[in-house]
Structures are given as structure tokens and as C-alpha cells.
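> Okay, so the sequence shown: first residue is 834 according to the numbering used here, each after it adds one.
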Amino acid sequence: METKVLPVNEQSLGLAKEIIESGGAVAFPTETVYGLGADAFNTAAVENIFKIKGRPNDNPLIVHVHKDYDISSLVSDIPKYAVKLAEAYLPGPLTMVYKSFGKVSPAVSCGLDTLAIRIPAHSDAQKFLKYLDKPIAAPSANISKHVSPVTAEHVYFDLNGNVPLILDGGKSEGGIESTVLDCTGEIPVILRSGLITREMIAEIAGDCGEYVLKEGEKVKSPGMKYKHYSPRCKTKFFSSDELDKAIAEYKKNNIAGVCTYILCDDETAKIAAVDNVLNLGKNGEEIASNLYLKLRDGEKKAQLIIAVAPKEQDGVMKGVMNRLTKACKDV
Ligand code: TXA
Ligand code: MG
834 METKVLPVNE
844 QSLGLAKEII
854 ESGGAVAFPT
864 ETVYGLGADA
874 FNTAAVENIF
884 KIKGRPNDNP
894 LIVHVHKDYD
904 ISSLVSDIPK
914 YAVKLAEAYL
924 PGPLTMVYKS
934 FGKVSPAVSC
944 GLDTLAIRIP
954 AHSDAQKFLK
964 YLDKPIAAPS
974 ANISKHVSPV
984 TAEHVYFDLN
994 GNVPLILDGG
1004 KSEGGIESTV
1014 LDCTGEIPVI
1024 LRSGLITREM
1034 IAEIAGDCGE
1044 YVLKEGEKVK
1054 SPGMKYKHYS
1064 PRCKTKFFSS
1074 DELDKAIAEY
1084 KKNNIAGVCT
1094 YILCDDETAK
1104 IAAVDNVLNL
1114 GKNGEEIASN
1124 LYLKLRDGEK
1134 KAQLIIAVAP
1144 KEQDGVMKGV
1154 MNRLTKACKD
1164 V
């Protein structure tokens, strides 16, 4: 199959509609990462998304809608705090999980009785969703377990030959996936941290919990249990106070002929003063925006990436650390 990469305009949107309505998949930009979209009402189309990605079939998908879409046709029991959060942060990088009416294909939520809904802020995502005017089920547009894509080139690298169309909307500025928030209880509970932080949610909703998987418990957001976001080279992870160890490891490997890079924040890069650096930048937002870009850049040049955790750990960094530790996991 030929894979077209096109900017978003009347012509490419027409083609996207044709593909989606005939049960195919289209990759599109959002402000977090690129998504791989299919008609959420069409079971075969949704199953095809799992196949293309090689995604485990117990990991549910998020449906994406435009900002004027009436979500009360898809989900019930929308609590007051969720209405307030939507007013404050949507469109934006916040996905909200509600009780589902079961209108979309059961393949979307992998049989769960809930549905995750996202209204992305990216103007091209809005154009695409408005043009289709139906819920689009979309995971990140990468091969399962690989680093999520933040440019059309990243999507092309993973999915060339397997999708007919990639809509190019430039670099996804946010850089990490949306916050996934369970809105089925008394208070909102974060299932996956992201750009909308716990503090930002608590400020509007009054309170915000955070889901922690307990031993032996059935996982609420199945995506959390897998190795994820991983570059196609070896990785090692060090905490922010282990820089000396990380540098020793870097030197040992480079001397042994293993091309090694250190991935770290700007401050650490200055202290480390080594040649091969993947510099994530200065603050939380910058580090989130650069994370996948640098991991994808790194896997092209390095045989080993040594990640050193940034010093900053608050706010957005919670989401970054979650991705970084999963990227460096062994299994
Ligand atoms: O920023 C994003 O959210 C991107 C862009 C494309 O919108 N999408 C994305 O999708 O990251 P994906 O499939 O890579 O991750 C979806 C996450 C998974 O962790 C999944 O377990 C969780 O959302 N999820 C989806 N439906 C759920 C549900 N009904 N209940 C709990 N968790 C759910
Ligand atoms: Mg993903």
C-alpha cells in the first residue's frame, strides 16, 4: 500500500473521509502525539487499528471528537466536576473516562463498560474531526511499544506501507500523551499522568486522586502495565543523583566501541560535559515536548542511551518520568 503524507486541506480531508468511511485508518496530528484514527462505530475498522499497531487486544482506545460534538450521545453520568474540567481545559490534552452507552463498537474499549473521550486542541485535529463529524477511535500512531510519534516523519517510519494517509500538521508541541482521567467516581482519578497535572485538576475539581496499581488487582487502565515508549536500542536508567555512575558507564561503553549517548536535562548536560548528549531542555514543558523527539533521534545514532532523570520532578515531570522509566524498562 502506498502511504501518502499530505498537509491538511480540503483535498486531503476529502481523501481522509473516503478512507475512514470505507473502514480504513488515517494518521493525524494532535497537540500531544500523532494518532491513528478509525471510525469508532465500525468494529472491523477498529480491529484493524490493533492489527496495524500490533497492540495487545486488552488495551482500550480513546475516541476523539471535535469541540462541538455532543458527547452526551455516547456516555452517561457526566459529573459536575467533569463539566467544570471540560470548561477549563478542553479542547486540550485531557482524556476523560465515563460510563458508556455502548453506541461505539465494543472493540474500542475492549469490552469495558466505560469510554475514554478526548477533544484535542490542535487546529488540524479539529478540522479532521469536524470534517468527519463522528467519533474517531485513535491510539498513538506508532508500532506498539515503540516511542510515540510527534512528527509525520515518525509515523511514516513506523507505518509506511500499512496506512494509506498521514495528515502532516508539524511537530506535536505537547510531546507526551494526554492525561487520562477516570470520571466515573465521586472525585476524578488520574489513570495516566500527562500535560494536565494533578494540581491543575484539583484546582478546578476540588480534589483529584491518582490510581496506583495494587498487587493482584485488575488494572484499570491496561496501557499502564506494558513496556512502552521504547527506542530501538539498548537503554540504561539512572536517577538524578547518580550522574557520576552514568558518566562512568558512558565512558566505559564508548571506550569499548559501543556508541553511547546521555539523555538528560540541560543542567545535567552542562555538568556532565560529554560529547554525545541528547539534551531534553530546561523546564518541564520543554522536557516533555522534546522527550520522544530525542528518543527517536537517539535510536538512530546510538547503540546505548543512558537516561539520567531530570532534577525537576513536579507537575508535568510526573508524566515525563512515567514515560522515561517505561522507555528504559527491560520487558
Ligand atoms: O494524547 C493522547 O491521548 C494520544 C493522542 C493520539 O490523542 N492517544 C493515546 O492513545 O495516547 P493510546 O492508545 O496510546 O493510549 C490510550 C490510553 C491507554 O493507557 C488506555 O489503557 C487508556 O488510554 N484507556 C482508553 N480507554 C480507557 C477506558 N475506557 N478506561 C481506562 N483507560 C482507558
Ligand atoms: Mg500509545
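Just so you know, even glycine gets a beta-carbon here, dropped at the ideal spot from N, CA and C.
For the ligand MG, is there a heavy atom less than 6 angstroms away from the beta-carbon of residue 1005?
Residue 1005 has its Cβ no nearer than 6 angstroms to any heavy atom of the ligand MG.
> Over the uninterrupted alpha helix (DSSP H) stretch that includes residue 849, give me the two end residues.
DSSP places residue 849 inside the alpha helix (DSSP H), whose first and last residues are 843-854.
> Grab me the residues of residue 867's own chain with a C-beta within less than 6 angstroms of its C-beta, minus the 5 sequence neighbours each way, in chain order.
860, 974, 982 and 988
> Just the Cα atoms here: how many angstroms apart are residue 1014 and residue 961?
24 angstroms
> Name the two residues that bound the continuous alpha helix (DSSP H) containing residue 932.
Taken as a continuous stretch (DSSP letters only), residue 932 belongs to no alpha helix (DSSP H), being part of the beta strand (DSSP E) at 927-933.
> If you draw a straight line from the C-alpha of residue 837 to the C-alpha of residue 851, how long is it?
14 angstroms
> Could you name each continuous beta strand (DSSP E) segment of 3 residues or more that falls completely within the stretch 903-984, going from the start of the chain to the end?
927-933 and 947-951
> Tell me the DSSP secondary structure of residue 1101 in three-state form.
helix
> I believe residue 1022 touches residue 1043 by the beta-carbon criterion, under 8 angstroms. Please report the beta-carbon distance rounded to the nearest angstrom.
Correct: roughly 7 angstroms between the Cβ atoms.
> What first and last residue would you give for the alpha helix (DSSP H) that runs through residue 1131?
1117-1134
> Kindly examine the ligand MG and report whether one of its heavy atoms sits closer than 6 angstroms to the Cβ of residue 1064.
no
> Give me the residue from 1149, 1132, 1144 and 1148 with the minimum Cα distance to residue 1160.
1132
> I need the straight-line Cα distance from residue 954 to residue 906, nearest angstrom please.
21 angstroms
> What's the call for residue 917, buried or exposed, on a 16-neighbour Cβ count within 10 Å?
exposed
> I'd like to check one pair, residue 857 with residue 832: are the Cβ atoms closer than 7 angstroms?
Nothing can be reported for residue 832: it is not among the residues displayed for the chain, which extend from 834 to 1164.
> Let me check one thing: in DSSP terms, what residues is residue 1013 bridge-paired to?
928 and 1025
> Return the Cβ separation of residue 928 and residue 1026 in integer angstroms, given the expectation that the two are a contact with Cβ distance under 8 angstroms.
Not a contact, Cβ separation roughly 12 angstroms.
> Would you say residue 877 touches the ligand TXA, meaning its beta carbon is less than 6 angstroms from a heavy atom?
No, the ligand TXA has no heavy atom inside 6 angstroms of this Cβ.
> Measuring straight from C-alpha to C-alpha, what distance separates residue 885 and residue 991?
10 angstroms
> Does DSSP put residue 1152 in a helix, in a strand, or in coil?
In the structure shown, residue 1152 sits in a helix (DSSP, three-state: H, G or I).
> Taking one C-beta from the stretch 1084-1101 and one from the stretch 1110-1117 each time, how about it: are there three or more such pairs within less than 8 angstroms?
yes
> DSSP on residue 874, reduced to helix/strand/coil?
Residue 874: coil per DSSP, three-state reduction.
> With a threshold of 6 angstroms (Cβ to nearest heavy atom), would residue 933 be considered close to the ligand ZN?
This structure simply doesn't include the ligand ZN; it includes the ligand TXA and the ligand MG instead.
> Relative to the ligand TXA, is the shortest distance from any of its heavy atoms to the C-beta of residue 893 smaller than 6 angstroms?
For the ligand TXA, at least one heavy atom lies less than 6 angstroms from the Cβ of residue 893.
> DSSP on residue 1062, reduced to helix/strand/coil?
coil
> Straight-line CA distance for residue 1065 to residue 942?
Distance between the alpha carbons of residue 1065 and residue 942 is about 29 angstroms.
> Under 7 angstroms between the Cβ atoms of residue 896 and residue 931?
no
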